[in-house]
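Position in the sequence shown (first residue = 1) + 25 = our numbering. See below for the structure under consideration.
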Amino acid sequence: MQTAEYSFIKTNEHLGKYVILLGLAGSYSYGTDVAASDTDIRGITLNRKSDLIGLTRFEQYVDDHTDTVIYAFNKIVTLLLNCNPNTIELLGLKPEHYLYLNDTGRMLLDNRKLFLSKRAVSSFGGYADAQLRRLQNALARDTFPQSEKERHIFNSVKNAMRGFNTTYKNFENGSLEIYIDKAVNPGLETEIFIDADMAHYPLRDYCAMWNTMANVVRDYEKIGKRNRKKDDLHLNKHAMHLIRLFMMALDILEKGEICTYREKEHDLLMDIRLGKFQKKDGTFCEDFYDLLSDFEKKLHYAAENTELPEEPDREKVQDLVMTVNERVVRDEI
């Protein structure tokens, strides 16, 4: 942190004296790092006086070179209220993984339970579902017959299209319809077709929708050019994070605790990451899916029996936010 590449933390106008917390993120924070793991840093900085009662606006600072993301206080509170997995984990690091922590940062950590609610079920469940879908889609590209691969592409495109009605102006249901039929292109058994019925439609919106659909197809077609060994490493990492998300969610729902570092489950998570649950053909063995099924059942039970409230106590969170922001407005930082 004292090297020149991190100097932005001291010199940037949004950071410096406003930073209240910096900590390790990613593999090092979970205890699942390997020799090639990058050092990721996440942090929290206070909104400045002008952000709170003036005209400026600031949400986060990102430095891609050092894999650092520092969230503005007001933004991270919003994310924490939703029990966002990528930010709630910052409140449950091992003590030695906090690289910087001042009194305001400690105040936030002391009040971390204010942010825990049944929202964890949907937030962590949603992230886990996304990880599982990545695994399923990748394995489908490798092992399924062409017609089944086409079905996976179709489902992914269909999911991408669901947001068109709210994202793009004047889009009407039925204007674009996709379906699978007997292939026209040689070498394919079946393929996806589209019927488009559009008039006087904004070209830029049409191009954006087309690019969204084309990107899904393009991702699947990369399979012939991909590095199998490298991609297997990514698949195993996705599988590990899938199980880790369930572990964190269960801690929150059953114990009311945020436990980012997975000491007890370290060996299991590393076995997944290092490919011990992956078969020679690249697919995962039954033991992995049995493990996944067991965690899904545990999450369902925990969701039904947790003592956490439906929603976080917004009044108490608001009192905390006002206490912190009032110090900024009064120039007490």
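Virtual Cβ for every residue (Gly too), placed ideally from N, Cα, C.
- Arg144 is classed as buried because its beta carbon has at least 16 other beta carbons within 10 Å across all chains shown.
- For Phe218, the beta-bridge partners assigned by DSSP are Tyr204.
- Per DSSP, reduced to three states, the secondary structure at Asp76 is helical.
- Taking 3 residues as the minimum length, the beta strand (DSSP E) runs contained wholly in the region 104–187 are 123–126, in order along the chain.
- When the alpha-carbon of Asp222 is set against those of Ala50, Leu228 and Leu201, the nearest one is in Leu201.
- In summary, Val242 is exposed, with fewer than 16 beta-carbon neighbours lying within 10 Å of its beta-carbon over all protein chains present.
- Counting only the Cα atoms, Asn236 lies some 14 Å from Asn184.
- In the three-state DSSP reduction, Thr93 falls in the strand class (E or B).
- When only Cα atoms are considered, Leu71 and Val59 end up about 33 Å apart.
- Take the alpha-carbon of Lys341 and the one of Asp135: they are about 13 Å apart.
- For the pair Gly68 and Ile358, the Cα-to-Cα distance works out to about 17 Å.
- Under DSSP, Arg67 shares a beta bridge with Gly48 and Val94.
- Across the set Val346, Arg355, Asp356 and Arg352, the C-alpha of Val346 shows the shortest separation from the C-alpha of Phe98.
- DSSP places Asp256 within a helical segment (H, G or I) once states are collapsed to three.
- Using a 10 angstroms sphere on the CB of His177, the tally of other CB atoms reaches 16 or more, which defines it as buried.
- Counting only residues of its own chain and dropping the five nearest sequence neighbours on each side, Thr331 has a CB closer than 6 Å to the CB of Leu278.
- Looking at the DSSP output, Phe309 shares a beta bridge with Gln303.
- Cβ contact annotation for Asn210 (same chain, cutoff 7 Å, sequence separation greater than five): Glu216, in chain order.
- Closest in alpha carbon position to Met265, among Glu290, Val44, Gly281 and Ile283, is Glu290.
- Listed as beta-bridge partners of Val87 by DSSP are Val94.
- In the three-state DSSP reduction, Glu321 falls in the helix class (H, G or I).
- Note on geometry: alpha-carbon atoms of Lys35 and Ser181 lie some 44 Å from one another.
- Going by beta carbons, Ile66 and Gly130 fall outside the 7 Å limit.
- Taking C-beta atoms as the reference points, Ile95 and Ile283 fail to come closer than 7 Å.
- An exposed status is given to Gln27, since fewer than 16 other beta-carbon atoms sit within 10 Å of its beta-carbon.
- In the displayed model, Thr81 falls within coil according to three-state DSSP, outside both helix and strand.
- In the displayed model, Leu333 falls within coil according to three-state DSSP, outside both helix and strand.
- For Lys35, the enclosing alpha helix (DSSP H) stretches over residues Phe33 to Thr36.
- When the Cα atoms are used, Thr103 and Met238 turn out to be separated by approximately 31 Å.
- Rounded to whole angstroms, the separation of the alpha carbons of Leu118 and Leu124 is 11 Å.
- Asp338 carries a coil assignment under DSSP once its states are collapsed to helix, strand and coil.
- DSSP places His263 within a helical segment (H, G or I) once states are collapsed to three.
- The three-state reading of DSSP puts Asp276 in helix, counting H, G and I together.
- Counted as a single uninterrupted DSSP element, the alpha helix (DSSP H) harbouring Ile297 occupies residues His291 to Arg298.
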